[in-house]
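Quick note, the sequence shown lines up with residues 681 to 848 if you use this note's numbering. Built from N, CA and C at the ideal position, the CB exists for glycine as well. Since the structure is predicted, the reported quantities are computational estimates derived from the model, not experimental observations. Below you'll find the structure, written out as structure tokens, and then a few comments.
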Amino acid sequence: MAGAGYYFTKNSVLQQLIHQLKYNGNQEVGRQLGQWLGIQLKSSGRFGEIDALIPLPLFPAKEKKRGYNQAAVLSEGMADVLKLPVLKNIVHRGRFTDTQTKKGRSERWVNVDGSFEISDASQLENKKLLLVDDVITTGATIEACGNAIKRIESTELSIATLAWASND
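Here it is as structure tokens:
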């Protein structure tokens, strides 16, 4: 199961809010956006069986530079509404990947293929998990991460993203 709260368009209020979160250090905007997404997911009735939220991880150096992971901030806001734990330190980016923003569709897939690792699969076994990201374009990054999670025994995976953007 997958869902996006909003459609991302350039020069929109949503783009400005996401830029505040990702590039201007405004984590409070991210928590609020996460709460809104949590409300949408809860009211849809499609995501009621989830055991935990997993924010899409950043490469450690990128997270250190930014000071936080924007997907984790969104997940914290969602957790306020959904009353679920956020599992931040189980899925990792095992290698550095270039930013996806300037890459074409096929370059994005190659860039992230095999870049995610699970540090403690036993914590995810037999769980229904919701993988969370901020914006999905081609789906390359979230699929690469989801593939790593889906290798874990008896794990069910759903995806939620704040916004979906066309890569046109």
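Following the DSSP letters along the chain, one finds G710 inside the alpha helix (DSSP H) bounded by residues Q707 to S724.
Taking all protein chains shown into account, S846 has fewer than 16 neighbouring C-beta atoms within 10 Å of its C-beta and is therefore exposed. Within 10 angstroms of the beta-carbon of P740 lie fewer than 16 other beta-carbons, which makes it exposed. Nearest Cα to L701 within the set S723, G683 and G757: G757.
Within 10 angstroms of the beta-carbon of P735 lie 16 or more other beta-carbons, which makes it buried. Between the alpha carbons of L764 and V812 lies a distance of about 13 Å. Per DSSP, T841 is one residue of the beta strand (DSSP E) stretching across E836 to W844. Around the CB of T689, fewer than 16 other CB atoms lie within 10 Å, so the residue is classed as exposed.
The beta carbon of A801 lies closer than 7 Å to those of I832 in the same chain, with the five residues before and after it left out. Contact annotation: K808 and I730 have beta-carbon atoms nearer than 8 Å. Shortest Cα-Cα distance from L738 to any of N769, S692 and S834 involves N769. For R831, the three-state secondary structure derived from DSSP is coil.
Looking only at E797, S755 and A843, the smallest Cα-Cα distance to H772 is reached by E797.
Following the DSSP letters along the chain, one finds V812 inside the beta strand (DSSP E) bounded by residues K808 to I816.
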